[in-house]
Every structure is written in structure tokens, then in C-alpha cells.
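Chains as they are written, first to last, in UniProt numbering: chain A, 1 to 333; chain B, 1 to 135. A quick write-up on the structure given underneath.
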Amino acid sequence: MKIENFQHKQSAHCESGVTLGLLQHYGIKLSEPLIFGIGAGYFFGHLPFIKVSGVPGTTFRIWPGYIFKRVCKELGVKMKVESFSGKEKGMRALDAALKAGLPVGMQTSVFYLSYFPPAYRFHFNGHNLIAYGKEGDDYLISDPVMETVTRLSAADLEKARFAKGFPAPNGRMYYPVLTKPDFDLPNAIRRGIKKTCWFMLSSPPPFFGIHGIRFLGRKIKKYPEKLEPRRAALFVGNIIRMQEEIGTGGGGFRFLYAAFLQEAAQHLNAPALLEASNEMTRIGDAWRNFAFAAARVMKDRSGNLASYDELGELLIQLGDREKQFFTHLKTLV
Amino acid sequence: MKKEEVPHDKKIIHGEDNSLVKVLYVTDQQGKYETTQYEGWEAENLAMSQAWDDIDERIAQTREKVIRGEVSPIAYFMEKNLMDLPTLASYVGSWKFFVKKHLTPSGFKKLNASKLKKYAAIFNIPVEELTHFKG
């Protein structure tokens, strides 16, 4: 079986992409930037004590599931969300939903998604995708970070949905059950912007928001004294990966947010947001410069004190710049 | 970022093309946002290949340790499957404390057939690869 009228759309990010794909199927046509902005996906966090294979965690986005939940709430969409203790039950429920003609969103582990290039397949359990049919033993998959639709064997999908570790997906699946045609888009946009301003400016220091960026800047400066060159290079490399590699639309979601502000300017009829969008683009460019400089330091591997100091300084400046930006943005909505 | 500045650097990891065509948000001549596709960027490719170098080295070191009799084959397959102790423990459905014991040669020897089968299933290998380690 195959849900014929389901449309695949490639997106920068999996969560905003899955939200877009599911809502679009029910006639709510929003762009990825709008979904990301209304969902208040923009963020920064650095948690030195949460380590993945010994490397401290950095994030450029809000916690998994938040964008999706927030967009649904703002647009008055009711979702059915289910988790399962048993694998058979979870796979049967998926088949039943597909049979009823419903495209289904799911939380999965990238490690078991055989259509990704091997080097991408880590135990990351927060990846979202959509199933839109089943043919023989294969599920028809619309993974928003992929260029085209793809397939996955039932055995692989089961492993991906019931992967262990943190956060365990437990077969989590979701699909819209009720959508409202008349939502207040300008208001949803305004509320999304306000929420992001709050996350960035008022999150508790030192780990989150603008404080987090400056905090990481101060940490990086100390890497050469505290870590052997190899570890220091790995730590810095991980920031680059979180910023660019995992599907952020470039510059750690900053370009995606600039695109959102450009659309928001139109919907709210607020030209001041266009200027804000331009500044956000420049901030994104500064993040790209940081990644470029970080890669150079990483390649060098000499643990040069001066170069780590420069990297830290770049981040501290970025923190100040984002502070200025969001303090101003707050006054525009 | 302007569209004409988008890099196109293929991601070569382990000597093979691991590029994934991804979406970037870029501005056109008039400064209006649109999306474009790219396969990779030197900076992120370098970060990824460095992460894999580290993993590969850890796998190789653990393999040597198994051969020298310092750790059990389970330790090797844990690394090879990119797992750490908490992840492996949650797959086994047991406390880290117990799984840690199975990473030592003496703890490994005490494992019964059903436990070995369980580990082999997690690593997606036949039991013989655990009991007759070849690396």
C-alpha cells in the first residue's frame, strides 16, 4: 500500500521537515523557516558534563520534540502520539495507521538507517522521519534530510524505532488527527519570536542562550592548558559538526532563522524585521567564519595557545552580538 | 551566506565518498532567501574524518588488548558498534556494573550460552565470533 498523494520535500532539519511533511498532507502549507521560527527552534547550549564518547555536548537548537509540539499547539493541530513497550505491537500500529491512509512520523536511531552514508550512522536516537506506505517487506520512507524518498526494510525500521540508549525512542510514532483551517499565523509568528528572545536572553547562565556562547568561548581558551592537543582538537571538531553537519541549513540554524525573519517581515508587514534578517545573516556568516577558523586550529594540532585564544574570542564576540540582536528583536514584536 | 559562496567539497571518509546532498539556506543577488543543495564543506568534512580517526584508533587499540588478553571480545565489539558502556548496558537490559564485568576476560569466561547469544545478537554477529575471537 502507498499513500499516493503524499509529497516528499527535502528540508535542512529533520524535525521541522517532518512537521512540514505531515501538516502539508492536511493542507497546511508552511515553509520550513516558518515552522522553525514558530516552533522557536533557535537556541544555543553547551553542557560540558553531558558527554558523548567523551566529548562535551553543544547544541544550536532547542531540545528534540519542542518545535513539533509548539507548532501543533500554535496552529491548533491535534496529534496522536504513541509509544510502545513491545516491538510487534509498535509495528502493527504503524501498519494499521498506514492502511488507514495516514502518513506517520516516527522517532528513530540513525545507526540503523541503511540509506545514510556509513560515516553518518552514529547512535543518535533523535532522528525523525515519515513512513507513507509499505511494499512487500519494505517501508516507503520520506526522510526530510534526504533528497528523494527512500525505502527501509521492516527489520531495520524496527531496530531504528526500538533502539536503546538515550533518548530511547520506544517506537514513538505520531500523526495529525485534527487540523483547523483558521489559525492566526501572524500571532503564531510573533509568539515564536518572543519565545526565542526569551530562550536566548533569559535562560539561566552559564550553559544556555547567549550566556552559553560566551561560556563556551571562555572554555575553549582553556583547552590547550587542560587537554592534550588531540582531545582539544576533537572537542573543537564536535562544535563544527553540531553547527554544520547534522542538517542545520548552515551556520547552526542561523541562516534558517534569517530566512524566517524575512518571511515574518512579510506576514507581519514589519519592514524592521527585514533589517533584523540581514543582521541575522551576518551573524550566520560570523558562525561560518568561526567554523572555518576552528577547522584550521584543529588541523594544526599543535595546541597553540594563541589560536585557541582567538577561537574563544570569536565566540565571546558572537555571544555579545547575539545578545544585542535579541535585545533589539524583542522590541520589534 | 550568498548562493555563489556555497562550498562543494565531497566528503571522503575511509577512502569512500560519504557525501550526503543537504539543504542550505542562502541569499540570492537581491538578498532574498532560497534553498540550495550541497554535498559538504571542507571544515565539516575535516571534523567528521577526525572523529572517525579517533574511533578507528580506539577500535584498533581494543583489538590489540583482546589479543593480549587484557579485555574481552565484548569490549572490542562494543567499540566496533560505536557504543559506550551506558548504551551497551541499555541494549543488554542490565546494570552497567554487570556489563563492565563482561568486558574483562575473567568475567567473560563466566558467561553462559544464553548471555553470549544475547551479546552476539546485539552486535549482529554469530556467537563464534565472540568465543573464537579473530578480530
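Even for Gly, the Cβ is constructed at its ideal location relative to N, Cα and C.
What separation, rounded to the nearest whole angstrom, lies between the Cα atoms of residue i and residue j?
{"i": "I119/B", "j": "R191/A", "result": "Reading the sequence as shown, one finds Tyr at residue 119/B and not Ile. So the alpha carbons of these two residues sit roughly 49 angstroms apart."}
{"i": "E5/B", "j": "S83/A", "result": "44 angstroms"}
{"i": "S31/A", "j": "L20/A", "result": "7 angstroms"}
{"i": "M116/B", "j": "G136/A", "result": "Before going further, note that residue 116/B is Leu rather than Met in the sequence given. Looking at the two C-alpha atoms, the distance is approximately 33 angstroms."}
{"i": "A100/A", "j": "K2/A", "result": "11 angstroms"}
{"i": "L227/A", "j": "A293/A", "result": "19 angstroms"}
{"i": "Q243/A", "j": "Y120/A", "result": "15 angstroms"}
{"i": "P33/A", "j": "G41/A", "result": "10 angstroms"}
{"i": "I62/A", "j": "D28/B", "result": "28 angstroms"}
{"i": "T179/A", "j": "G249/A", "result": "28 angstroms"}
{"i": "E74/A", "j": "L152/A", "result": "33 angstroms"}
{"i": "F111/A", "j": "T331/A", "result": "44 angstroms"}
{"i": "L51/B", "j": "L103/B", "result": "According to the sequence provided, residue 51/B is Ala. The question's Leu does not apply to it. In a straight line, the C-alpha of A51/B is about 24 angstroms away from that of L103/B."}
{"i": "Y132/A", "j": "F325/A", "result": "41 angstroms"}
{"i": "L98/A", "j": "V104/A", "result": "7 angstroms"}
{"i": "N125/A", "j": "I246/A", "result": "13 angstroms"}
{"i": "K96/B", "j": "V55/A", "result": "20 angstroms"}
{"i": "L140/A", "j": "R92/A", "result": "16 angstroms"}
{"i": "C197/A", "j": "K134/A", "result": "43 angstroms"}
{"i": "E313/A", "j": "P229/A", "result": "19 angstroms"}
Among the options, which one has its Cα closest to the Cα of residue i?
{"i": "D84/B", "options": "V52/A, P56/A, G90/A, A93/A", "result": "V52/A"}
{"i": "D56/B", "options": "G31/B, L20/B, H14/B", "result": "H14/B"}
{"i": "F122/A", "options": "A121/B, L82/B, L111/B, Y91/B", "result": "L82/B"}
{"i": "I210/A", "options": "D95/A, V18/A, L315/A", "result": "L315/A"}
{"i": "I213/A", "options": "R231/A, E228/A, A233/A, I239/A", "result": "I239/A"}
{"i": "I28/A", "options": "R282/A, D184/A, K226/A, W198/A", "result": "D184/A"}
{"i": "P48/A", "options": "D95/A, P206/A, E228/A, D285/A", "result": "P206/A"}
{"i": "T87/B", "options": "A163/A, I38/A, L261/A", "result": "A163/A"}
{"i": "I130/A", "options": "K89/A, P181/A, F6/A", "result": "F6/A"}
{"i": "A258/A", "options": "W198/A, V297/A, S277/A, R241/A", "result": "S277/A"}
{"i": "S94/B", "options": "Q24/A, H13/A, G165/A, M298/A", "result": "G165/A"}
{"i": "S16/A", "options": "Y66/A, R151/A, A97/A, E275/A", "result": "Y66/A"}
{"i": "V297/A", "options": "A286/A, L274/A, P271/A, Y223/A", "result": "Y223/A"}
{"i": "A47/B", "options": "M280/A, P167/A, A97/A, G237/A", "result": "G237/A"}
{"i": "P118/A", "options": "D53/B, Y76/B, S106/B, D17/B", "result": "D17/B"}
{"i": "E44/B", "options": "E310/A, N289/A, K80/A", "result": "N289/A"}
Examine chain B for any beta-carbon lying closer than 8 angstroms to the beta-carbon of residue i, and answer yes or no.
{"i": "L234/A", "result": "yes"}
{"i": "D285/A", "result": "yes"}
{"i": "E245/A", "result": "yes"}
{"i": "A155/A", "result": "no"}
{"i": "P118/A", "result": "yes"}
{"i": "V145/A", "result": "yes"}
{"i": "I220/A", "result": "no"}
{"i": "L311/A", "result": "no"}
{"i": "L256/A", "result": "yes"}
{"i": "N304/A", "result": "no"}
From the DSSP secondary-structure annotation, give me the bridge partner or partners of residue i.
{"i": "E34/B", "result": "V26/B"}
{"i": "T150/A", "result": "I141/A"}
{"i": "L178/A", "result": "K78/A"}
{"i": "N128/A", "result": "Q107/A"}
{"i": "G15/B", "result": "DSSP lists no partner for G15/B."}
{"i": "K2/B", "result": "T27/B"}
{"i": "M173/A", "result": "E82/A, M106/A"}
{"i": "Y42/A", "result": "R61/A"}
{"i": "G247/A", "result": "DSSP lists no partner for G247/A."}
Does any residue of chain A have a CB that is nearer than 8 angstroms to the CB of residue i?
{"i": "T104/B", "result": "no"}
{"i": "A120/B", "result": "no"}
{"i": "E62/B", "result": "Contrary to the premise, residue 62/B reads as Thr rather than Glu in this sequence. No, T62/B does not count as interfacial toward chain A."}
{"i": "D54/B", "result": "yes"}
{"i": "D84/B", "result": "yes"}
{"i": "Q50/B", "result": "yes"}
{"i": "A47/B", "result": "yes"}
{"i": "A75/B", "result": "no"}
{"i": "V99/B", "result": "no"}
{"i": "W95/B", "result": "no"}
{"i": "N112/B", "result": "no"}
{"i": "S19/B", "result": "yes"}
{"i": "E42/B", "result": "yes"}
Once DSSP output is grouped into helix, strand and coil, what is the label at residue i?
{"i": "Q7/A", "result": "coil"}
{"i": "K164/A", "result": "coil"}
{"i": "G86/A", "result": "coil"}
{"i": "L47/A", "result": "strand"}
{"i": "M242/A", "result": "helix"}
{"i": "K299/A", "result": "helix"}
{"i": "G284/A", "result": "helix"}
{"i": "P204/A", "result": "coil"}
{"i": "E313/A", "result": "helix"}
{"i": "V92/B", "result": "helix"}
{"i": "E228/A", "result": "coil"}
Beta carbon of residue i: closer than 7 angstroms to some heavy atom of the ligand FMN?
{"i": "L329/A", "result": "With respect to small molecules bound, the structure shown includes none, and the ligand FMN cannot be examined in it."}
Establish whether the CB of residue i and some CB of chain E are separated by less than 8 angstroms.
{"i": "T281/A", "result": "In the structure shown, chain E cannot be found, because the protein chains are A and B."}
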